[in-house]
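First comes the structure, then the notes that go with it.
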Amino acid sequence: MKKPASRNVRGRSPACSVCKSLGHRIEKCPHPAAKEILKLRKENSVLKKQSKRKVLRQEKKWRKAPKLDKEYRKKASALYKGKPAARLPSPAEIRRKQKHALDVSLNLPTTENTAASWLLDRQWIRSPTVCSECDRHVFSDLVWSQDRPPHWRCKHCGVRVKIYDLSIFTGLRVSPCELVKLIGLYVSSNLAHYPSVPDFVQASTHGRSCVEHFLAALRMLESTAGKNFSQTCPLRGSVEVDGSFIAKFHMSANNLWHADQIQKTNQSCQRKGQRLPKSFVGHIMVLGAQVRGNSSAAIYVPRPHVTAVEQRPVTETLAQVEASGFLDRITRRSVVNADGNKAWKSAAASRGLPFQNVIHQVKNFTSDCPKVWPEVSTVAGTQTLDRSWRSLKTFLPKGTTVKQKIQGHSCMHPSVPQYMYMWAWRQSLGNVSPNEFLEHLEDLLPQD
């Protein structure tokens, strides 16, 4: 006889899926496995209705389960995380606890009269000699008033000249004693890093705008000295030349100040059949020359190089090498060391300078070369200048503003080259004490 099908046949009910009986279904089956099968079917239907991302925990969440109570969780988290460490202090908390003590050897004045005399004697401020209104040479002594800042007064026409009008701190709203304290903090700070504005605010109890005004005046003073040093320092011996990228900023396709470079980039894309870029990037770079064995380096900050967003910037070009003027100051008994850039080699060959080359792209950092001059090393490489680039990038303040907008178009911020020339001047000083650094700063002050 043929086995009956499991579906309804002429009014009959389907067979049980457990015992294969035609008299009942699985819900009424007396077999002990029927209840377990029904239970698994319900759980399976629930899992099918849930999202795939949701993970269903199969164990029962009893409060007294050995792996789910609070004590077990504490022990497990302690084993996983280790001993609870102390919370790291924030930069603001570190700044409050840090002692910004002045160098004791400076012997700075502590009263207003002695501070004004100290500033006048050291040429930080200057007294007027000729009146701008009446061209007379008769001025009173420094006048101290409660409602006015210290000033000199013309005895003929009564014109007042404020105490900082003839100095680099024009418009600074601090007393002479407070200015002396700011100068002391400045020369006592770490010369390998640009002075931090929050640190000065915390140490001097002045506002941020006042501290930024003070630091900007001294930054201009040091950067001018660093630029003059980079343009006049002699280069003799094993001279290492190289370039490095410092930062970058974005600009639109209709930028006014870099329109010539944007046009060249668009023409290059058209020749290659590429789509014209919608935005561009300005790469800020610096060129340098350093005599091996000397801590000071001469630098040159060219105009930012503009490329498309996805393009890599090119290294030093021949126009930038010629504009730096480094090779024109290298004496004859010297050797030029570069890192594989062809612009330096071409410029050195046109001047008849011996040239040694290494290629960093193939992991060639040093190589032995034939002796050219007895006093010049035969090892080629730019390791000394590469170490100086690391020092420069450490000196730059964190979060430096690298661009500004003039007439709605982005360009390099003027403070960026000031930071770099400021670093070059400090490198030329070597390791100096606060007193020596103060004397070097006073030598930079404008004279009568």
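The sequence shown: position 139 = 139 (UniProt numbering), numbered continuously.
Where is the CB? At the ideal position from N, CA and C, for every residue including glycine.
Since we're looking at a predicted model, the values are computed, not measured.
Using the C-alpha atoms, what's the distance from SER189 back to PRO195? To locate residue 195, count along the sequence shown from 1; it is residue 195. To locate residue 189, count along the sequence shown from 1; it is residue 189. The alpha-carbon atoms of PRO195 and SER189 are separated by roughly 7 Å.
Among THR265, GLY282 and LEU38, the one whose alpha carbon lies nearest that of VAL276: Locating residue 276 in the sequence shown gives position 276, counting from the first residue. In the sequence as presented, Val is not what sits at residue 276; that position holds Leu. LEU276 has its Cα closest to that of THR265, out of THR265, GLY282 and LEU38.
Could you tell me if SER132 is buried or exposed, where buried requires 16 or more neighbouring beta carbons within 10 angstroms of its beta carbon? Reading the sequence shown from its first residue, position 132 is the one you call residue 132. With fewer than 16 other Cβ atoms within 10 Å, it is exposed.
Residue of ALA217, HIS151 and CYS134 minimising C-alpha distance to SER140: As a first step, residue 140 is located in the sequence shown; it is residue number 140 there, counting from the start. Nearest C-alpha to SER140: HIS151.
Near LEU142, what residues of its chain come up, given a Cβ to Cβ distance below 8 Å and the 5 sequence neighbours on each side ignored? In the sequence shown, residue 142 corresponds to position 142, counting from 1. The answer, listed in chain order, is ALA116, SER127, PRO150, HIS151, TRP152 and ILE163.
Looking at TRP389: is its Cβ nearer than 7 Å to the Cβ of SER268? On the sequence shown, residue 389 is found 389 positions in, with the first residue counted as 1. On the sequence shown, residue 268 is found 268 positions in, with the first residue counted as 1. No, Cβ-Cβ distance for TRP389 and SER268 is not below 7 Å.
Under 8 Å Cβ to Cβ from ALA323, same chain only, skipping five residues before and after it: list those, please. For the purposes of this step, residue 323 is taken as residue 323 along the sequence shown, with counting starting at 1. Only TYR300 and PRO302 meet the Cβ criterion.
Tell me the DSSP secondary structure of PHE280 in three-state form. Translated into positions along the sequence shown, residue 280 becomes position 280. In the displayed model, PHE280 falls within a strand according to three-state DSSP.
Report yes if the CB atom of ASP339 is closer than 7 Å to the CB atom of THR382, and no otherwise. Taking the first residue of the sequence shown as 1, we reach residue 339 at position 339. Taking the first residue of the sequence shown as 1, we reach residue 382 at position 382. Their beta carbons are under 7 Å apart, which means ASP339 touches THR382 by this criterion.
In whole angstroms, what separates the C-alpha of ASP199 from that of ASN337? The residue labelled residue 199 in the question sits at position 199 within the sequence shown. The residue labelled residue 337 in the question sits at position 337 within the sequence shown. Each residue's Cα considered, the two are about 40 Å apart.
Looking only at its own chain, which residues have a Cβ that is under 6 Å from the Cβ of SER6, when we skip the five neighbours before and after it? Locating residue 6 in the sequence shown gives position 6, counting from the first residue. Unreliable positioning characterises SER6 in this predicted model, as indicated by a pLDDT of 49, which lies under 50. A coordinate reading is not provided.
To the nearest angstrom, report how far apart ARG236 and ILE246 are at their CA atoms. Indexing the sequence shown from 1 puts residue 236 at position 236. Indexing the sequence shown from 1 puts residue 246 at position 246. Spanning the alpha carbons of ARG236 and ILE246 requires a straight line of approximately 27 Å.
Measuring CB to CB, does PHE249 end up less than 7 Å from VAL402? As a first step, residue 249 must be located in the sequence shown, where it is residue number 249. As a first step, residue 402 must be located in the sequence shown, where it is residue number 402. In this structure, PHE249 sits near VAL402, with a CB-CB distance shorter than 7 Å.
Skipping 5 residues on each side, what residues in its chain have a beta carbon closer than 7 Å to that of TRP144? Within the sequence shown, the letter at position 144 stands for residue 144. Closer than 7 Å at Cβ, skipping near neighbours: PRO150.
Quick check on SER204: buried or exposed, where buried means 16 or more other Cβ atoms within 10 Å of its Cβ? Counting from 1 along the sequence shown, the entry for residue 204 is found at position 204. Buried: at least 16 other Cβ atoms inside 10 Å.
Endpoints, the alpha helix (DSSP H) within which CYS269 is located: Walking along the sequence shown from the start, residue 269 turns up at place 269. Start and end: 259-271.
Roughly how many whole angstroms lie between the Cα atoms of LEU218 and THR317? By one-based count along the sequence shown, residue 218 stands at place 218. By one-based count along the sequence shown, residue 317 stands at place 317. So the alpha carbons of these two residues sit roughly 33 Å apart.
GLU316 - containing beta strand (DSSP E), residue span: Working through the sequence shown from its first residue, we reach residue 316 at position 316. DSSP places GLU316 outside any beta strand (DSSP E), giving it a letter other than H or E.
ILE262 to LYS405 span [Cα, whole Å]: Sequence index remark: in the sequence shown, residue 262 carries index 262 (1-based). Sequence index remark: in the sequence shown, residue 405 carries index 405 (1-based). Those two C-alpha atoms are separated by around 17 Å.
Are the stretch 206-226 and the stretch 303-313 touching, with three or more C-beta to C-beta distances below 8 Å? Counting Cβ pairs under 8 Å, fewer than three are found: no touch.
Which term fits HIS305, buried or exposed, when burial requires 16 or more other beta carbons within 10 angstroms of its beta carbon? As a working mapping, residue 305 is identified with position 305 in the sequence shown. Looking at its Cβ environment, which holds 16 or more other Cβ atoms inside 10 Å, HIS305 is buried.
Does the beta-carbon distance from GLU240 to THR384 come in below 7 Å? Position 240 of the sequence shown, counting from 1, holds the residue named residue 240. Position 384 of the sequence shown, counting from 1, holds the residue named residue 384. Between GLU240 and THR384, the C-beta spacing is below 7 Å.
Tell me which same chain residues have a C-beta within less than 8 Å of the C-beta of HIS440, skipping the five on either side of it? Counting from one through the sequence shown, the residue named residue 440 turns up at place 440. Result list for HIS440: LEU429 and VAL432, in chain order.
Suppose you measure from the CA of GLU36 to the CA of ARG73; what does that come to, to the nearest Å? To locate residue 36, count along the sequence shown from 1; it is residue 36. To locate residue 73, count along the sequence shown from 1; it is residue 73. If you take the alpha carbons of GLU36 and ARG73, they lie about 33 Å apart.
Cβ pair LEU182, PHE214 closer than 7 Å: Locating residue 182 in the sequence shown gives position 182, counting from the first residue. Locating residue 214 in the sequence shown gives position 214, counting from the first residue. In this structure, LEU182 lies near PHE214, with their beta-carbon atoms less than 7 Å apart.
For SER90, which three-state DSSP category applies? Within the sequence shown, the letter at position 90 stands for residue 90. DSSP, read as helix, strand or coil, puts SER90 in coil.
Residues in the same chain with beta-carbon distance under 6 Å from GLU59, minus the five sequence neighbours each way, listed in chain order, please. In the sequence shown, residue 59 corresponds to position 59, counting from 1. Its pLDDT being 49, under 50, GLU59 is placed unreliably in this model, and the value from its coordinates should be taken loosely. Closer than 6 Å at Cβ, skipping near neighbours: no residue.
Find out if the Cβ-Cβ distance for the pair PRO434, VAL187 is shorter than 7 Å. Walking along the sequence shown from the start, residue 434 turns up at place 434. Walking along the sequence shown from the start, residue 187 turns up at place 187. In this structure, VAL187 lies closer than 7 Å to PRO434 by Cβ.
Look at LEU106 and PRO176 and say whether their C-beta atoms are less than 7 Å apart. Counting from one through the sequence shown, the residue named residue 106 turns up at place 106. Counting from one through the sequence shown, the residue named residue 176 turns up at place 176. Against a cut-off of 7 Å, the Cβ pair of PRO176 and LEU106 comes out as no contact.
Sorted by chain position, which residues of the same chain lie with C-beta nearer than 6 Å to TRP373's C-beta, five sequence neighbours on each side aside? Working through the sequence shown from its first residue, we reach residue 373 at position 373. If we look at TRP373 and ignore the five residues flanking it on each side, its Cβ neighbours are ARG333.
Quick one: grab the DSSP three-state call for LEU235. By 1-based counting over the sequence shown, the position of residue 235 is 235. Note: LEU235 maps to strand in three-state DSSP.
Across which residues does DSSP place ARG332 in a beta bridge pair? Translated into positions along the sequence shown, residue 332 becomes position 332. ARG332 is not bridged to any residue.
How big is the Cα-Cα spacing for VAL335 and SER238? Along the sequence shown, one-based indexing puts residue 335 at 335. Along the sequence shown, one-based indexing puts residue 238 at 238. Spanning the two alpha carbons is a distance of roughly 5 Å.
Does DSSP put LEU287 in a helix, a strand or coil? Residue mapping note: residue 287 aligns to position 287 of the sequence shown, counting from 1. In the three-state scheme derived from DSSP, where H, G and I count as helix and E and B as strand, LEU287 is classed as strand.
Leaving aside the five residues before and after CYS157 along the sequence, list all residues of the same chain whose C-beta is less than 8 Å from its C-beta, in chain order. As a first step, residue 157 is located in the sequence shown; it is residue number 157 there, counting from the start. The beta carbon of CYS157 lies closer than 8 Å to those of CYS131, GLU133, CYS134 and ARG136 in the same chain, with the five residues before and after it left out.
Taking just the CA atoms, how far does HIS193 sit from TYR421? Numbered from its first residue, the sequence shown carries residue 421 at position 421. Numbered from its first residue, the sequence shown carries residue 193 at position 193. The straight-line gap from Cα to Cα measures roughly 13 Å.
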